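Novice: Pasting in a structure now, in structure tokens, and then I'll have a few things to ask.
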Amino acid sequence: MPFDPRFIRNFSIVAHIDHGKSTLADQLLLQSGAITQREFREQLLDDMDLERERGITIKARAVAINYTLDDQVYELNLIDTPGHVDFHYEVSRSLAACEGAILLVDSTQGVQAQTVANAFLAIGNDLAVVPVLNKIDMQASRPDEVREEIYATLGIDPAEILAVSAKTGLGVPEVFRAIIDRVPAPKGDPAAPLRALIFDSKFDDYQGVVVYVRVVDGLLKLGQSIRLMAGGTEHEVTSLGRFRPRSVACDELGVGQVGYVTANIKRLSDVRIGDTITETPRGASVALPGYAEPVQVVYCGLFPATHNQFEDLRTALQKLALNDSSFTFEPETSDALGFGFRCGFLGLLHMEIVQQRLERESGLELVQTAPNVTYEIVTKKGETLHVSNPTRIPDAGEVEEFREPLARVSFILPSENIGAIMQLCEDRRGTYIKTEYMTPTRAILTYELPLAEMIYDLYDKLKSATRGYGTMDYELIGYRAGDLCRLDILVAGAKVDALSVVVHRSQADRRGRKLVKKLRGEIDRHQFEVAIQAAIGSRVVARETISALRKNVTAKCYGGDITRKRKLLEKQKEGKKRMKQVGNVEISQEAFLSVLDDSEE
């Protein structure tokens with residue numbers, strides 16, 4: 002028999018990055034008896050190498066805990082979520098499978114940008130919010146001040162806020178009681194046709210596609226015939242299980258329960274995150290709402306370092322897209338780098354993580370082009386184009402209006418740093434909106450900034466200017482017309498498509514000079530003179546020249562008639578000229594990488 006839904010609680014932990022979500026999850030597992038003290042280790046649910054190295058959560062994790070309170074056994078399904086702004090989509094997917102959320106706030110740092118964003122996301126999903134102050138055992142803890150901050154920014158009653166230390170386990174029993182008392186039991190009809198929400202998936206070499214589900218209505222059983230409602234494909238359930246926290250097989254999943262399913266799904270394209278699983282032949286007629294499609298904001302090209310690995314890269318991207326549905330990819334060709342893929346990401350950290358996962362999990366060596374955003378271009382014919390690759394931007398004569406994406410950015414920072422951050426935003430063509438004070442020493446500064454000016458180094462500069470105390474969150478608000486242009490790099494008269502970038506016209510000269518100067522130091526000397534130019538259309542804005550390797554052809558002439566030396570020099574000059582016409586300039590992969598790395602400085 003499936004577990005009684007009245008005694009099930011599905012909840013998530015949401016917070017700003019580094020506020021102790023994974024540590025609290027570990028402590029909940031330990032105090033409920035799901036793991037022993039011997040098995041207990043930090044970041045138990047963060048099982049990816051990258052997560053453990055960086056100390057951050059990248060993928061949401063689901064785990065089922067049994068907890069006894071007042072002689073009644075409750076089943077608690079916990080979903081541990083990431084905190085970084087780039088993984089906001091993972092948080093939204095997790096919340097859709099829950100009825101409640103623990104809002105965790107660091108009592109030493111107070112309310113941060115992602116605290117506010119994730120709290121509003123939970124409230125917007127009609128979840129019961131359980132506010133918890135963490136790290137109260139630390140000397141720098143200031144619980145009373147932070148309670149006031151939570152009340153000022155989120156309107157949560159300070160009396161409802163629990164105080165814990167996730168590291169020592171202090172106050173964790175009160176968190177269990179609050180989850181059981183405040184989070185509602187899942188609603189659903191056990192007798193209705195099966196409806197289960199797919200909130201995540203991964204690819205297993207032996208089992209095929211493993212799907213993570215939350216059952217909303219009906220019963221999911223071993224051997225059952227199921228249908229994926231979006232794709233219409235039918236399969237038979239071959240295995241079911243729960244995460245406790247390691248996978249444990251079971252025979253059925255009832256209303257409100259969370260687990261994994263395998264059903265001989267061989268094709269990666271059959272599974273869509275947010276899809277609904279139903280049974281056959283008695284299937285549900287209406288699918289669950291699912292998720293809004295994620296909006297990619299940063300694009301770059303990924304190319305294999307060796308050209309024969311193109312198909313390997315395609316397979317690796319397909320497998321990774323199953324586990325992380327928030328990035329997109331499509332094939333593209335570059336004259337300089339050969340065949341590869343144009344990939345879209347939710348942010349720069351997301352891009353970096355995907356590239357590192359591809360290299361580690363598939364053993365590929367990749368070359369990445371400069372990251373850029375999607376632009377909206379209105380042509381003189383009245384067409385509106387969305388372009389994520391600078392090489393596809395039409396010539397200036399065909400463009401009526403060039404629009405760039407705009408983001409509303411909220412900075413939460415010490416009030417003494419407001420001036421420095423305002424200057425930072427003004428330098429990036431920002432528009433001031435407002436300043437709000439949470440307390441006399443902490444403020445929320447709001448700006449509208451072009452997304453292209455944000456994605457490169459704004460986060461790093463913010464951390465430097467505020468000595469690590471500033472945080473930011475952003476949302477896209479649309480497109481704005483700007484004086485933008487495409488800056489092309491020409492090497493020996495030939496355009497290098499992989500190095501084209503979109504810049505504001507006022508910064509084109511400076512950016513062009515820096516790029517050609519950097520490239521000059523990276524390209525080896527050839528037997529002929531090589532010109533490196535930065536150009537906007539037909540206008541060259543910067544140039545550097547790599548002089549030719551020269552052999553001293555007159556070394557063997559001792560004295561004698563000068564015409565003999567001139568004849569040898571002219572002969573060499575003709576040879577250089579002929580070589581320049583037919584010679585190719587080789588640009589090493591290292592040259593590409595170094596230029597692309599430093600082009601965002």
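If you're matching positions, the sequence shown starts at 2 in my numbering and goes up one per residue. Glycine residues also receive a C-beta, built at the ideal position from the N, C-alpha and C atoms. Note that the coordinates shown come from a computational prediction; the quantities given were computed from them, not determined experimentally.
1) Reducing DSSP to helix, strand and coil, say where Lys136 ends up.
2) For Ser23 and Ala306, I'd like the C-alpha separation in whole angstroms.
3) For Ser240, which three-state DSSP category applies?
4) Do you know whose CA, among Ser389, Asp396, Glu405, lies nearest Glu380's CA?
5) Whole angstroms is fine: what's the gap from Phe204's alpha carbon to Thr234's?
6) Once you ignore the five residues that flank Leu414 on each side, which residues in its own chain have a CB closer than 8 angstroms to its CB?
7) Which same chain residues end up closer than 8 angstroms to Arg245 when comparing Cβ atoms and leaving out the 5 residues on each side of it in sequence?
8) Our contact map puts Val542 next to Ala532 with C-beta atoms below 8 angstroms; I'd like the distance itself, whole angstroms only.
9) Cα separation between Gln115 and Glu150?
10) DSSP beta-bridge partners for Cys344?
11) Would you report the Cα separation of Asp458 and Tyr475, rounded to the nearest angstrom?
12) What distance in whole Å lies between the Cβ atoms of Arg512 and Leu488, which are believed to be in contact at a cut-off of 8 angstroms?
13) Return the CA-CA distance between Ser610 and Asn418, expressed in angstroms with no decimal places.
14) Indicate whether Gln258 and Val299 have their beta-carbon atoms separated by less than 8 angstroms.
15) CB Glu333 to CB Asn390, shorter than 8 angstroms?
16) Indicate whether Leu96 and Ser166 have their beta-carbon atoms separated by less than 8 angstroms.
17) Assess contact between the region 312-325 and the region 222-241, defined as three or more Cβ pairs (one per stretch) separated by less than 8 angstroms. Is contact present?
18) Mind checking Arg361: buried by the 16 CB within 10 Å criterion, or exposed?
19) Near Lys518, what residues of its chain come up, given a Cβ to Cβ distance below 7 angstroms and the 5 sequence neighbours on each side ignored?
20) Below 8 angstroms between beta carbons: does that hold for Val184 and Asp218?
21) Can you find the residues in the same chain that come closer than 8 angstroms, C-beta to C-beta, to Asn265, ignoring five residues on each side of it along the sequence?
22) Please confirm if the region 67-81 is in contact with the region 175-182, defined as three or more CB-CB distances below 8 angstroms between the two stretches.
23) Look at the alpha carbon of Val106 and the alpha carbon of Glu437, and state the distance between them as a whole number of angstroms.
24) Applying the 10 Å Cβ sphere with the 16-neighbour rule, what's the burial state of Ile18?
25) Assign Pro159 to one of two classes, buried (16 or more other C-beta atoms within 10 Å of its C-beta) or exposed (fewer than that).
26) What number of angstroms, rounded off, separates the C-alpha of Ala288 from the C-alpha of Gly431?
27) Evaluate Ser202 with the Cβ neighbour count: other Cβ atoms within 10 Å of its Cβ, from every protein chain shown; 16 or more gives buried, anything less gives exposed.
28) Three-state secondary structure (DSSP) at Asn11?
29) According to DSSP, which residues form a beta bridge with Phe204?
30) So His308 and Gly339 are supposed to be a Cβ contact under 8 angstroms. How far apart are they, rounded?
31) Who does Gly490 pair with in a DSSP beta bridge?
32) Rounded to the nearest angstrom, what separates Thr154 and Ala509 at their Cα positions?
33) So, with DSSP's three-state summary, where would you put Ile456?
34) Grab me the residues of Met139's own chain with a C-beta within less than 6 angstroms of its C-beta, minus the 5 sequence neighbours each way, in chain order.
35) Let me know the secondary structure DSSP gives Asn126 once reduced to three states.
36) Between Leu198, Leu350, Gly101, which has its C-alpha nearest Ile456's C-alpha?
Specialist: If we stick to the structure as given:
1) Working through the sequence shown from its first residue, we reach residue 136 at position 135. Looking at Lys136 - three-state DSSP - the assignment turns out to be coil, as it is neither helix nor strand.
2) Within the sequence shown, numbered from 1, the residue matching residue 23 stands at position 22. Within the sequence shown, numbered from 1, the residue matching residue 306 stands at position 305. Going from the Cα of Ser23 to the Cα of Ala306 covers about 36 angstroms.
3) Counting from 1 along the sequence shown, the entry for residue 240 is found at position 239. Ser240: strand per DSSP, three-state reduction.
4) Here residue 380 is taken as the residue at index 379 of the sequence shown, counted from 1. Reading the sequence as shown, one finds Thr at residue 380 and not Glu. Its Cα nearest to that of Thr380, the residue Asp396 stands out among Ser389, Asp396, Glu405.
5) Here residue 204 corresponds to residue number 203 of the sequence shown, with the count starting at 1. Here residue 234 corresponds to residue number 233 of the sequence shown, with the count starting at 1. Those two C-alpha atoms are separated by around 18 angstroms.
6) Position 413 of the sequence shown, counted from the first residue, corresponds to residue 414. Answer for Leu414: Ile422, Arg443, Ala444, Leu446, Leu463, Thr467, Tyr470, Gly471, Thr472, listed in chain order.
7) Taking the first residue of the sequence shown as position 1, residue 245 is located at position 244. Result list for Arg245: Ala35, Val64, Ala65, Ile66, in chain order.
8) What you label residue 542 is simply residue 541 of the sequence shown in a count that begins at 1. What you label residue 532 is simply residue 531 of the sequence shown in a count that begins at 1. Between Ala532 and Val542 the Cβ distance is about 14 angstroms, and since that is not below 8 angstroms, they are no contact.
9) For this step, residue 115 is matched to residue 114 along the sequence shown. For this step, residue 150 is matched to residue 149 along the sequence shown. Taking the straight line joining both Cα atoms gives about 14 angstroms.
10) Taking the sequence shown and counting its residues from 1, one reaches residue 344 at position 343. Cys344 is bridged to Cys301, Phe330.
11) Position 457 of the sequence shown holds residue 458. Position 474 of the sequence shown holds residue 475. Answer to the nearest angstrom: the Cα atoms are 14 angstroms apart.
12) Here residue 488 is taken as the residue at index 487 of the sequence shown, counted from 1. Here residue 512 is taken as the residue at index 511 of the sequence shown, counted from 1. 6 angstroms between Cβ atoms; contact.
13) Residue coverage of the chain in this structure runs from 2 to 602, which leaves residue 610 outside it and unanswerable.
14) On the sequence shown, position 257 is the one that residue 258 refers to. On the sequence shown, position 298 is the one that residue 299 refers to. Cβ atoms of Gln258 and Val299: not closer than 8 angstroms.
15) Here residue 333 corresponds to residue number 332 of the sequence shown, with the count starting at 1. Here residue 390 corresponds to residue number 389 of the sequence shown, with the count starting at 1. Yes, the Cβ-Cβ distance between Glu333 and Asn390 is below 8 angstroms.
16) The sequence position of residue 96 within the sequence shown is 95, counting from 1. The sequence position of residue 166 within the sequence shown is 165, counting from 1. Cβ atoms of Leu96 and Ser166: not closer than 8 angstroms.
17) In short, these stretches do not touch, since the Cβ pair count stays below three.
18) By one-based count along the sequence shown, residue 361 stands at place 360. Burial call: exposed.
19) Residue 518 sits at position 517 when you count from the first residue of the sequence shown. Cβ within range, chain order: Glu545.
20) Counting from 1 along the sequence shown, the entry for residue 184 is found at position 183. Counting from 1 along the sequence shown, the entry for residue 218 is found at position 217. Cβ atoms of Val184 and Asp218: not closer than 8 angstroms.
21) Reading the sequence shown from its first residue, position 264 is the one you call residue 265. Answer for Asn265: Gly209, His236, Glu237, Thr239, listed in chain order.
22) The region 67-81 vs the region 175-182: in contact.
23) Working through the sequence shown from its first residue, we reach residue 106 at position 105. Working through the sequence shown from its first residue, we reach residue 437 at position 436. Note on geometry: alpha-carbon atoms of Val106 and Glu437 lie some 20 angstroms from one another.
24) Walking along the sequence shown from the start, residue 18 turns up at place 17. Buried, since its Cβ has 16 or more Cβ neighbours within 10 Å.
25) Here residue 159 refers to the residue found at position 158 when the sequence shown is read from its first residue. Classification of Pro159: exposed, given that the 10 Å Cβ count is below 16.
26) Position 287 of the sequence shown holds residue 288. Position 430 of the sequence shown holds residue 431. Taking the straight line from one Cα to the other gives about 43 angstroms.
27) By one-based count along the sequence shown, residue 202 stands at place 201. By the 10 Å Cβ count, Ser202 comes out buried.
28) If you number the sequence shown from 1, residue 11 lands on position 10. Residue state, collapsed to three classes: strand.
29) As a position in the sequence shown, residue 204 is number 203, starting the count at 1. Partner(s): Val210.
30) By one-based count along the sequence shown, residue 308 stands at place 307. By one-based count along the sequence shown, residue 339 stands at place 338. The pair is a contact, with the Cβ atoms about 5 angstroms apart (cut-off 8 angstroms).
31) Here residue 490 refers to the residue found at position 489 of the sequence shown. It is Ile, not Gly, that sits at residue 490 in the sequence shown. Ile490 pairs with Ala535.
32) Within the sequence shown, numbered from 1, the residue matching residue 154 stands at position 153. Within the sequence shown, numbered from 1, the residue matching residue 509 stands at position 508. Taking the straight line joining both Cα atoms gives about 41 angstroms.
33) Locating residue 456 in the sequence shown gives position 455, where the first residue counts as 1. Coil.
34) In the sequence shown, residue 139 corresponds to position 138, counting from 1. Thr109.
35) For the purposes of this step, residue 126 is taken as the residue at position 125 of the sequence shown. Note: Asn126 maps to coil in three-state DSSP.
36) Position 455 of the sequence shown, counted from the start, is the residue given in the question as residue 456. When only C-alpha atoms are compared, the closest one is Leu350.
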